[in-house]
Ligand code: SF4
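Residue numbers (my numbering), protein chains in the order written: chain A, 335 to 805; chain B, 129 to 370.
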């Protein structure tokens, strides 16, 4: 099996990557500005829904039910999609999915494909596989196009170029589209992208999409988007291939009523997405003549097996947890070393691929709970983070100094009398570091505290000593 | 009523004044306050860092210590969140039926300090006098796990002489997060810098909270930068009198 998540296995540990990124003032400014704007919009359209909490509960319940019967719903989807003229392929892992897609494209005899935004394709490194097979992929989502032309990496699951401002985007377009006199207004940039993309839409006959949902009952595939490029990709080409994680299935058409309220409001702060494409198999004389769905596992059934963390698969990739996260706000998505950044990335990546490649991710959170508060399907991210931390400790990935310190602290805190002894010891040991009642330079692991902050010295009398003296 | 204090290990060791203030406030209201010497720590640091089995003896000690307490008051929102959110699960995972039962009995009797005053005792006016400008940082655990809402604010609004100044972006985490501040020191410091900007923009003399762990973090930077802005736990403000 070769399960991988983009290049996350080779990525730097989170703290190291973050150290560089927090020093990038432009990036921090861009990320802060963009997340602030989306958060404000989200809050406005969420507050106006009177039954928002009930919707979240329902969304969670539908997802949990589906995951409990995933095999059944996937087979139902396969039956109905096939009946409608589609073909369903099952891919155990990233390599297998890439192979299937490359073979399908080769069979068409084409050497170019257009793509609608799909993070799943970045997960399996599809573009690299296509290029290696001599097939050129063209991203058609504006943000993905910016990332592709900028030879950059996506930094947000909904807005992959969130870390770029329009002046930077103008530079990329000017260079890559050879537009000497391009302006930096949003209209200028959109117009340039439109001209560049229109030509591809009209000339490339094979398209690759992801999907937001699969409907088991009807065999339909659902893509929601803001730009209309997706609509063109799923309707203009001759051949359409949709790459979809197995967790994206919902049982009934009616379930979309819940998710199509939760998703756009959480993702972009819109009441509804401007473009909602739902298609079922092929229809003679209309749209693609050949339609394939590649169902991707790539570690998902492993996630499913862990009762304490399987709700990770409820995720509808709205990005609200990223926008709400105070850690993401400082670093942007690149620090997470994965196509999935932010709180959801911190729990998803280490579960999909082996923990040893991403043990720093569950620790990339202050556990403030802002992600859980906004998640439209109520994934208890902080709890899953702690669960994964326990796994990292259990598998021995945390430094020995920390393990020793934690063991010692556990013994020292196991009773009141031991705590009392520890207090006395701390007081006796701090004198070399104390200065005017403050500790400004501490050794060992505590040095990273005093690098940025002072610490009050342990006072001469503890509460319990005061209490005893008071009688 | 006898109110048992769970002072929490770090308040006991590092912030004895907070404990003394809690005693003063509760006694002022005419209650008997008890402190059981066998108490120690709720295990939050261990649990949240992934050291579940090291956290477990601390849970046991807590349950042993407070088994027959009527009400337990703790001046730390994150420790109360630890007890409420995680003790039942930890007990269940141990497979010890007896422990599950005892935890089930104890948890509803644990109150965070502002909950104790506003919900359990039904008071908001403690007769305090604190002639300073104050801004309130709503600690993440108080805000999101305990849902303290405007309880701390209600209490502050009744303090004579106190002028409360709104903290901008108040609900943003200060970046402490226990061992997060050590393991991810750079990001933690970046978050703290944002919090600093907001606290300093208020022009307040004092920053308060329901949790000394956030305040320890915030104060760490206020002190390092020699801002002259002070931190004080909510209890210390409510204990102040003319
Ligand atoms: S975890 Fe929740 S908030 Fe985050 S992307 Fe998924 S659905 Fe959205």
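Note that beta-carbon positions come from the ideal geometry of N, C-alpha and C, so glycine has one too.
Minimum Cβ-Cβ distance from residue i to chain A less than 8 Å
i: residue 238 (chain B); result: no
i: residue 144 (chain B); result: yes
i: residue 272 (chain B); result: yes
i: residue 231 (chain B); result: no
i: residue 311 (chain B); result: yes
i: residue 287 (chain B); result: no
i: residue 179 (chain B); result: yes
i: residue 345 (chain B); result: yes
i: residue 308 (chain B); result: yes
i: residue 138 (chain B); result: no
i: residue 349 (chain B); result: yes
i: residue 296 (chain B); result: no
i: residue 195 (chain B); result: no
i: residue 278 (chain B); result: no
i: residue 314 (chain B); result: yes
i: residue 227 (chain B); result: no
i: residue 317 (chain B); result: yes
Cβ shell of residue i (< 6 Å), same chain only, five flanking positions each side left out
i: residue 489 (chain A); result: 496, 497, 666, 667, 668
i: residue 347 (chain A); result: 694
i: residue 129 (chain B); result: 159
i: residue 131 (chain B); result: 154, 159, 161, 199, 201
i: residue 291 (chain B); result: 261
i: residue 651 (chain A); result: 491
i: residue 368 (chain A); result: 496
Contact under 8 Å by Cβ, residue i with residue j
i: residue 295 (chain B); j: residue 265 (chain B); result: yes
i: residue 594 (chain A); j: residue 541 (chain A); result: no
i: residue 576 (chain A); j: residue 627 (chain A); result: yes
i: residue 557 (chain A); j: residue 472 (chain A); result: no
i: residue 179 (chain B); j: residue 727 (chain A); result: yes
i: residue 641 (chain A); j: residue 398 (chain A); result: no
i: residue 455 (chain A); j: residue 544 (chain A); result: yes
i: residue 176 (chain B); j: residue 349 (chain A); result: no
i: residue 280 (chain B); j: residue 343 (chain B); result: no
i: residue 796 (chain A); j: residue 140 (chain B); result: yes
i: residue 607 (chain A); j: residue 559 (chain A); result: yes
i: residue 671 (chain A); j: residue 656 (chain A); result: no
i: residue 791 (chain A); j: residue 764 (chain A); result: yes
i: residue 523 (chain A); j: residue 504 (chain A); result: yes
i: residue 582 (chain A); j: residue 548 (chain A); result: yes
Neighbour flag for residue i against chain B, beta carbons, 8 Å
i: residue 648 (chain A); result: no
i: residue 349 (chain A); result: yes
i: residue 620 (chain A); result: no
i: residue 460 (chain A); result: no
i: residue 779 (chain A); result: yes
i: residue 767 (chain A); result: no
i: residue 755 (chain A); result: no
i: residue 705 (chain A); result: no
i: residue 600 (chain A); result: no
i: residue 674 (chain A); result: no
i: residue 689 (chain A); result: no
i: residue 530 (chain A); result: no
i: residue 795 (chain A); result: yes
i: residue 740 (chain A); result: yes
Cut-off 8 Å between Cβ atoms - residues of its own chain near residue i, not counting five sequence neighbours on either side
i: residue 357 (chain B); result: 327, 328, 332, 333, 334, 335, 350
i: residue 660 (chain A); result: 700, 702, 704
Sequence-distant residues of its chain with Cβ nearer than 7 Å to residue i (five each side left out)
i: residue 613 (chain A); result: 554, 555, 568, 621
i: residue 368 (chain B); result: 256, 257, 258
i: residue 337 (chain A); result: 427, 428, 632, 633, 686, 687
i: residue 750 (chain A); result: none
i: residue 372 (chain A); result: 602, 603, 657
i: residue 146 (chain B); result: 139, 203, 340, 361, 363, 364
i: residue 211 (chain B); result: 170, 235, 238
i: residue 302 (chain B); result: 265, 319, 320, 323, 342, 345, 346
Any non-hydrogen atom of the ligand ATP closer than 7 Å to residue i Cβ
i: residue 702 (chain A); result: This structure simply doesn't include the ligand ATP; it includes the ligand SF4 instead.
For residue i, the residue or residues it bridges with in DSSP
i: residue 201 (chain B); result: B:133, B:239
i: residue 228 (chain B); result: In the DSSP output, where bridge partners are listed per residue, residue 228 (chain B) has none listed.
Task: Minimum length 3: unbroken beta strand (DSSP E) runs contained in the segment 603 to 682 of chain A - done: Annotation note: the segment 603 to 682 of chain A contains the following uninterrupted beta strand (DSSP E) runs of length 3 or greater, listed N- to C-terminal: 609 to 614, 624 to 630.
TODO: Identify every run of the beta strand (DSSP E) within the segment 488 to 576 of chain A, keeping only runs that are complete inside it and at least 3 residues long; order them along the chain.
DONE: Correct list: 540 to 543, 547 to 549, 554 to 559.
Task: Residue ranges of each alpha helix (DSSP H) within the segment 727 to 784 of chain A, 4 or longer - done: You should have 734 to 746, 750 to 763, 781 to 784.
Open item on the list: To test your reading of the DSSP string, which unbroken beta strand (DSSP E) runs of 3 or more residues are found completely within the segment 144 to 180 of chain B?
Closed with: Unbroken beta strand (DSSP E) runs of no fewer than 3 residues, entirely contained in the segment 144 to 180 of chain B, are found at 160 to 163, following chain order.
TODO: Please go through the segment 393 to 427 of chain A and give each complete beta strand (DSSP E) segment of 3 or more residues, from N-terminal end onward.
DONE: Correct list: 421 to 425.
Task: Secondary structure, alpha helix (DSSP H): runs of 4+ residues fully inside the segment 427 to 471 of chain A - done: Taking only runs of at least 4 residues, the alpha helix (DSSP H) segments lying wholly in the segment 427 to 471 of chain A are 428 to 442, 453 to 457, 460 to 466.
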